[in-house]
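Reviewing the structure listed below.
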Amino acid sequence: MAESDVSDYAHGLIEDVRTQAEIEGCDLQEAFTQLMLDQLAADGHTEDAVAVHFKDHGVEVSGYGAASDDRSLDLFLTHYSPRADDDHKIGRVEVDAAFRRLENFLSRCVGGTLTRRDRSSDVAGMCATVSERFGRVESVRLVLVTNARSVVRDSIAPMLFEGRHVSRELWDLRRLANWSTSGSKAEPIVAEFPEGLPCLATPRTDEDYSVLLAIVPASGLAELYSAHGARLLELNVRSFLQVRGAVNRGILDTLKSNPERFLAYNNGIAATASKVEFDDTASGQRVIRRLHNLQIVNGGQTTATIHHAHRNKVDVGAAHVQMKLTVVSPDRLDDIVPQISAYSNTQNRVTASDLKANSAFHVDVERIMRTLWAPPSPAHPHDTHWFYERARGQYANALTREGTPARQKVFKAANPSAQKFTKSDLAKFEHSWSMEPHLVSLGAEKNFTLFSQRLDEQQPVVDKQYCRHLVAKAILFRKVDKLVARQNFGGYKANIVTYTIAKLAHATSQRVDLDRIWRNQDLTPALQDAITDLCPLVQKVITSPPEGRTNVGEWTKRPECWTAVRELDWVIPPQLETELADVDTYGDDLQLVRGTTGADWSDLTAWGAATGILSPEQRQSATEVAQALHQGWDPAGKHLRGALEAMRNARRHGFRPVNGF
10 MAESDVSDYA HGLIEDVRTQ AEIEGCDLQE AFTQLMLDQL AADGHTEDAV AVHFKDHGVE
70 VSGYGAASDD RSLDLFLTHY SPRADDDHKI GRVEVDAAFR RLENFLSRCV GGTLTRRDRS
130 SDVAGMCATV SERFGRVESV RLVLVTNARS VVRDSIAPML FEGRHVSREL WDLRRLANWS
190 TSGSKAEPIV AEFPEGLPCL ATPRTDEDYS VLLAIVPASG LAELYSAHGA RLLELNVRSF
250 LQVRGAVNRG ILDTLKSNPE RFLAYNNGIA ATASKVEFDD TASGQRVIRR LHNLQIVNGG
310 QTTATIHHAH RNKVDVGAAH VQMKLTVVSP DRLDDIVPQI SAYSNTQNRV TASDLKANSA
370 FHVDVERIMR TLWAPPSPAH PHDTHWFYER ARGQYANALT REGTPARQKV FKAANPSAQK
430 FTKSDLAKFE HSWSMEPHLV SLGAEKNFTL FSQRLDEQQP VVDKQYCRHL VAKAILFRKV
490 DKLVARQNFG GYKANIVTYT IAKLAHATSQ RVDLDRIWRN QDLTPALQDA ITDLCPLVQK
550 VITSPPEGRT NVGEWTKRPE CWTAVRELDW VIPPQLETEL ADVDTYGDDL QLVRGTTGAD
610 WSDLTAWGAA TGILSPEQRQ SATEVAQALH QGWDPAGKHL RGALEAMRNA RRHGFRPVNG
670 F
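Numbering (this note's numbering), first residue to last: 10 to 670.
Written out as structure tokens, the structure reads:
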């Protein structure tokens with residue numbers, strides 16, 4: 010990558026961190042940590058990443074990631090400075106010191122000297138997780154992430170700790186820039202096959218792809234998954250495994266009892282690569298030696314199950330897997346790979362709805378948000394857009410396309426960076442409002458996966474009203490985040506935020522006036538006061554897990570935690586009660602009216618005129634309902650409400666319809 014591109018990335022990163030800090034109400038170091046962990050998790054470099062900072066004498070850590078299948082445990086330390094100049098560098102001395110601080114943290118966790126902290130703190134949760142998982146995970150990594158340029162040229166060797174190898178990784182500015190700007194949004198995987206994979210080539214069917222058939226040893230596939238983890242799997246396949254589970258019992262049984270028949274019983278895997286390096290054996294057979302940009306697009310569960318068996322000492326030496334390998338030109342990877350994933354079939358019946366990325370929904374949200382002007386707000390005295398970033402980097406790319414500084418200034422004024430939100434953000438907003446905070450607490454990637462699955466089952470109508478309410482939910486979420494931050498609870502802020510919103514939605518029957526939030530681009534003082542009153546109660550519940558559950562972070566992922574918060578005794582303050590929106594009763598009202606006849610409402614109109622008890626407006630509503638029922642239509646909402654109120658008023662004065670309504 011050219012130095013100018015690295016410099017551009019450095020300046021863009023500073024802007025992203027500043028925006029993140031503004032949104033989260035945190036300092037720049039915290040914002041950088043959260044930004045990096047979210048992106049690393051989204052691309053499969055780590056799993057279930059949580060940002061938690063702890064510093065003590067000789068000890069420092071910024072966060073951790075612990076895979077749910079006990080495959081990996083990652084400890085992160087981040088180093089950030091708002092500098093983009095070429096002299097912002099990090100050398101061997103600083104790198105070694107950072108890894109020593111991480112190593113000391115790991116040592117104290119495993120030794121038990123950090124596990125006796127107050128269990129309501131997120132630091133205690135992190136220490137407990139590290140202590141519990143260290144002995145049983147397959148791999149442990151120490152990762153240093155910095156926006157400085159590293160001058161360390163040689164690779165950083167693993168260390169030996171408690172009798173096991175612990176790998177160490179450095180992500181400096183150049184590596185971050187290469188990763189961020191690569192088409193696949195991930196470092197390419199290069200798979201080596203020293204023994205060679207026998208293969209059969211098909212006739213080249215198109216100028217931008219070709220297909221090979223190969224047989225892969227199960228042990229080799231297990232080692233690939235062990236080395237690269239979820240990054241080996243194409244995003245949609247990764248999402249499928251998170252929802253459905255990685256280990257297939259039938260596949261596992263075959264590996265245990267009939268490994269030599271695995272090739273016959275299993276449908277195999279489909280994979281893609283951008284380049285293949287071949288070799289010829291002494292017998293003249295062509296074999297694959299190396300694959301570049303390897304991704305498994307179908308058969309992720311087969312791969313994960315083989316890895317699970319291999320890790321648990323099942324002898325998979327006799328098992329082989331057939332692989333269909335599609336070789337795609339590098340410039341077409343992003344277009345073709347998702348399509349291959351969506352159209353493939355596996356023994357696990359992964360349907361198109363399982364694998365599609367809900368693109369229609371997200372494209373519609375993006376399309377409307379680009380043209381939807383939000384009213385002036387306390388931060389912006391003019392109309393603005395909320396920028397939906399359907400794909401990472403869209404905001405930066407749009408800004409770059411403006412060209413001149415003057416045009417970029419105009420773009421930023423219309424599209425404030427603090428009003429940018431992503432697909433993961435959208436899923437958090439929606440699941441918090443729909444009272445599923447335990448799903449949000451699973452982490453950004455898993456929460457988005459579950460949200461995507463719901464979209465497949467029931468997709469909302471995306472129109473301007475949906476997008477206005479979506480923005481209102483974004484404003485609510487981000488304001489609650491800032492109000493919770495002011496309380497200085499000492500940890501689990503993200504969990505307190507989503508649970509507070511869920512409890513607020515439950516207590517008010519989702520009657521918080523989203524239209525008012527949209528109009529004001531802010532929360533009313535009464536709503537802010539109510540949230541400030543509610544969040545300490547929520548914090549107390551989620552940081553006090555029941556007997557037998559000592560890990561607060563794991564407790565917040567359980568439906569039982571939401572049950573406990575939902576049952577909190579909290580009374581809506583009178584000031585907020587007066588602001589709540591009216592409940593939409595149209596559906597219930599319509600059911601009532603459908604049990605009547607047009608004659609009932611015609612009689613009501615006549616009775617009202619004769620007695621003078623009903624107003625002209627009420628009689629008109631009753632007439633409209635009568636006509637609609639006579640003609641087989643559903644009455645309009647405003648006529649329905651007026652007619653029902655007229656009927657209730659008439660009944661209080663002795664009127665009785667023929668059908669006994």
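All residues carry an ideal CB built from backbone N, CA and C; glycine is no exception.
Predicted, not measured: the structure shown is a model, and the values here were computed from it.
Distance, residue j Cα to residue i Cα
| i | j | result |
| --- | --- | --- |
| residue 211 | residue 221 | 6 Å |
| residue 47 | residue 384 | 30 Å |
| residue 470 | residue 371 | 12 Å |
| residue 218 | residue 338 | 6 Å |
| residue 413 | residue 34 | 31 Å |
| residue 26 | residue 655 | 58 Å |
| residue 665 | residue 591 | 29 Å |
| residue 355 | residue 349 | Because the pLDDT of residue 355 is 42, which lies under 50, any placement of that residue in the model is unreliable, and the number read from its coordinates should be weighed accordingly. Each residue's alpha carbon lies about 12 Å from the other. |
| residue 638 | residue 45 | 60 Å |
| residue 621 | residue 628 | 10 Å |
| residue 511 | residue 553 | 18 Å |
| residue 155 | residue 180 | 6 Å |
| residue 644 | residue 619 | 24 Å |
| residue 502 | residue 198 | 35 Å |
| residue 39 | residue 453 | 17 Å |
| residue 301 | residue 178 | 21 Å |
| residue 374 | residue 123 | 46 Å |
| residue 66 | residue 401 | 38 Å |
Identified DSSP bridge partners for residue i
| i | result |
| --- | --- |
| residue 332 | 223 and 278 |
| residue 2 | The structure shown does not extend to residue 2, since the chain spans only 10 to 670, so no value can be given for it. |
| residue 299 | 201 and 286 |
| residue 81 | 148 |
| residue 207 | 296 |
| residue 337 | 218 |
| residue 180 | 154 |
| residue 88 | 155 |
| residue 393 | 383 |
Proximity of residue i and residue j at Cβ, strictly below 8 Å
| i | j | result |
| --- | --- | --- |
| residue 90 | residue 500 | no |
| residue 530 | residue 484 | yes |
| residue 614 | residue 587 | no |
| residue 573 | residue 610 | no |
| residue 60 | residue 74 | no |
| residue 28 | residue 426 | yes |
| residue 346 | residue 409 | no |
| residue 450 | residue 486 | no |
| residue 233 | residue 200 | yes |
| residue 423 | residue 380 | no |
| residue 86 | residue 70 | yes |
Contacts around residue i, its chain only, beta-carbon distance under 7 Å, and the 5 residues preceding and following it disregarded
| i | result |
| --- | --- |
| residue 93 | 16, 19, 20 and 23 |
| residue 630 | 648, 651, 652 and 655 |
| residue 83 | 55, 73, 74, 150 and 152 |
| residue 634 | 602, 610, 644, 648, 649 and 652 |
Simplified DSSP state of residue i, which is helix, strand or coil
| i | result |
| --- | --- |
| residue 188 | helix |
| residue 73 | strand |
| residue 65 | strand |
| residue 622 | coil |
| residue 363 | Here residue 363 scores only 37 on pLDDT, less than 50, and its place in the model should not be relied on; the value that follows carries that caveat. DSSP places residue 363 in helix when its eight states are reduced to three. |
| residue 486 | helix |
| residue 60 | strand |
| residue 237 | helix |
| residue 581 | coil |
| residue 122 | coil |
| residue 304 | strand |
| residue 322 | coil |
| residue 672 | The shown model of the chain, from 10 to 670, leaves out residue 672, and the question about it has no answer. |
| residue 431 | strand |
Contact set for residue i: own chain, Cβ-Cβ below 8 Å, skip 5 residues either direction
| i | result |
| --- | --- |
| residue 79 | 142, 145, 146 and 147 |
| residue 267 | 274 |
| residue 509 | 489, 493, 540, 543, 544 and 547 |
| residue 264 | 227, 271, 314, 315, 318, 323, 325 and 328 |
| residue 262 | none |
| residue 209 | 221, 222 and 223 |
| residue 433 | 47, 51, 453, 454, 456 and 457 |
| residue 104 | 153, 159, 161, 165 and 179 |
Distance cut-off 7 Å: residue i Cβ against heavy atoms of the ligand GTP
| i | result |
| --- | --- |
| residue 85 | No copy of the ligand GTP appears in this structure; indeed no ligand is present at all. |
Own chain, CB closer than 6 Å to residue i, minus 5 neighbours either side, in chain order
| i | result |
| --- | --- |
| residue 616 | 664 |
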